[in-house]
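Just below is one structure, and these are the notes that go with it.
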Amino acid sequence: MSVKTILLFRSKPDDASSDDVYEKLLNDHGYHVKTISPIQFRFINMDLLSTKLHSNHYHGLIFTSKRAVEAVQRVLTGNDRQRLQRIYVEGPATGALVQEIFGSTAKILGAESGGSECLAEFIIKDVESTEGTVSLLFPCAQARLDILPRRLSSEQAIYLDEILVYETTPSDSLEHDLNEYLKDHGRPNAVGFFSPSGFDSVFKASQRIGFDLTNNKTVLISLGKTTSAAIRNCLDSSSFDERSCLKPTADEFLRVVQSIE
3 MSVKTILLFR SKPDDASSDD VYEKLLNDHG YHVKTISPIQ FRFINMDLLS TKLHSNHYHG
63 LIFTSKRAVE AVQRVLTGND RQRLQRIYVE GPATGALVQE IFGSTAKILG AESGGSECLA
123 EFIIKDVEST EGTVSLLFPC AQARLDILPR RLSSEQAIYL DEILVYETTP SDSLEHDLNE
183 YLKDHGRPNA VGFFSPSGFD SVFKASQRIG FDLTNNKTVL ISLGKTTSAA IRNCLDSSSF
243 DERSCLKPTA DEFLRVVQSI E
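Structural data, given as structure tokens:
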């Protein structure tokens with residue numbers, strides 16, 4: 003199958019003037035791309051997050067999403083930036099935002115490690131020479147999977163403190179936006195999913211409007227092992243064509259698209 007049209011289910015940058023790196027790269031290579039936001043966000047526990055950030059208890063931070071970084075940015079002080087200089091991140095996009103907020107002196111680690119499982123192993127190896135217990139603060143969403151916290155919590159040398167800083171719910175406009183896309187453009191050749199919660203929202207909306215994600219009619223492209231697992235678990239008994247990106251980058255997404263025949 004020759005891929006010409008691609009529908010991305012991911013949150014667009016909050017800054018309307020910012021280019022979406024996925025859309026730009028795919029458009030530059032001749033693909034027709036549209037992005038629809040499948041989920042919406044609400045920040046929570048900001049007072050508790052502020053208290054934790056201001057304490058001297060933590061050796062560093064862990065971020066697995068840009069939204070968690072944005073939550074921290076809301077309550078971060080100059081002293082926090084100077085003190086919290088060891089930051090583990092999942093994905094280059096998250097790492098770039100952390101660098102922008104925390105400054106050039108911050109030590110950003112693990113961005114190229116891959117998904118949550120790989121990041122957890124990276125952190126364990128990185129702190130193994132540190133004496134005593136390493137305390138890490140992990141701001142996350144209520145919908146986060148437990149792969150990373152379960153692995154890190156099994157290590158006696160690591161104290162992981164999770165705090166929920168945002169909630170995700172299906173976008174109010176998802177069903178309407180998807181319907182409008184299908185009316186205007188027809189079935190896309192490929193769709194991209196960037197999170198388990200995003201896929202879940204799209205799957206439920208697609209069932210309501212009769213957009214079939216199975217029977218190999220459209221290639222499903224997932225970013226990360228957790229998103230891939232969510233797709234496979236949900237569509238387990240159906241016939242579907244799912245391709246997984248090895249790294250959460252636009253270049254890797256393009257490689258997967260170009261590999262589809």
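Last residue of the sequence shown: number 263 in the numbering used here, and the count goes up by one each step with no gaps.
Glycine residues also receive a C-beta, built at the ideal position from the N, C-alpha and C atoms.
Here the structure is a predicted model, which means the values were calculated and not measured.
Under DSSP, the alpha helix (DSSP H) around V77 begins and ends at which residues? 68-77
Of all the beta strand (DSSP E) runs that stay within the bounds of the segment 80-117, which reach a length of 3 or more residues? 88-91, 109-111
Could you spell out the range, first to last residue, of the alpha helix (DSSP H) harbouring H178? 176-187
Flag this pair as yes or no: are the beta carbons of I41 and S203 separated by less than 8 Å? yes
Determine whether the beta carbon atoms of L10 and V35 lie at a separation below 8 Å. yes
Examine the Cβ distances between the segment 96-114 and the segment 214-233 and report whether three or more of them are shorter than 8 Å. no
Kindly give me the distance between the Cβ atoms of T228 and S118, rounded to whole angstroms, as I take these residues to be in contact under 8 Å. 6 Å
Please identify the residue among F196, K14, K68, T171 whose C-alpha is closest to the C-alpha of C142. K68
Confirm, please, whether the CB-CB distance from F43 to Y168 is below 8 Å. yes
From the DSSP output, which residues share a beta bridge with V136? I160
Are the segment 85-105 and the segment 174-188 in contact at 8 Å, needing three or more beta carbon pairs? no
What residue does the beta strand (DSSP E) around E25 start on, and which one ends it? No beta strand (DSSP E) contains E25, which is instead part of the alpha helix (DSSP H) from 23-30.
Tell me the DSSP secondary structure of L150 in three-state form. helix
Could you check what DSSP says for A18 in three-state terms: helix, strand or coil? Only weak support is given to the placement of A18: the predicted model assigns it a pLDDT of 45, under 50, and the question is left unresolved by the model.
Quick check: the Cα distance between E244 and F201, rounded to an integer number of angstroms? 12 Å
Can you pull the DSSP bridge partners for H34? T7
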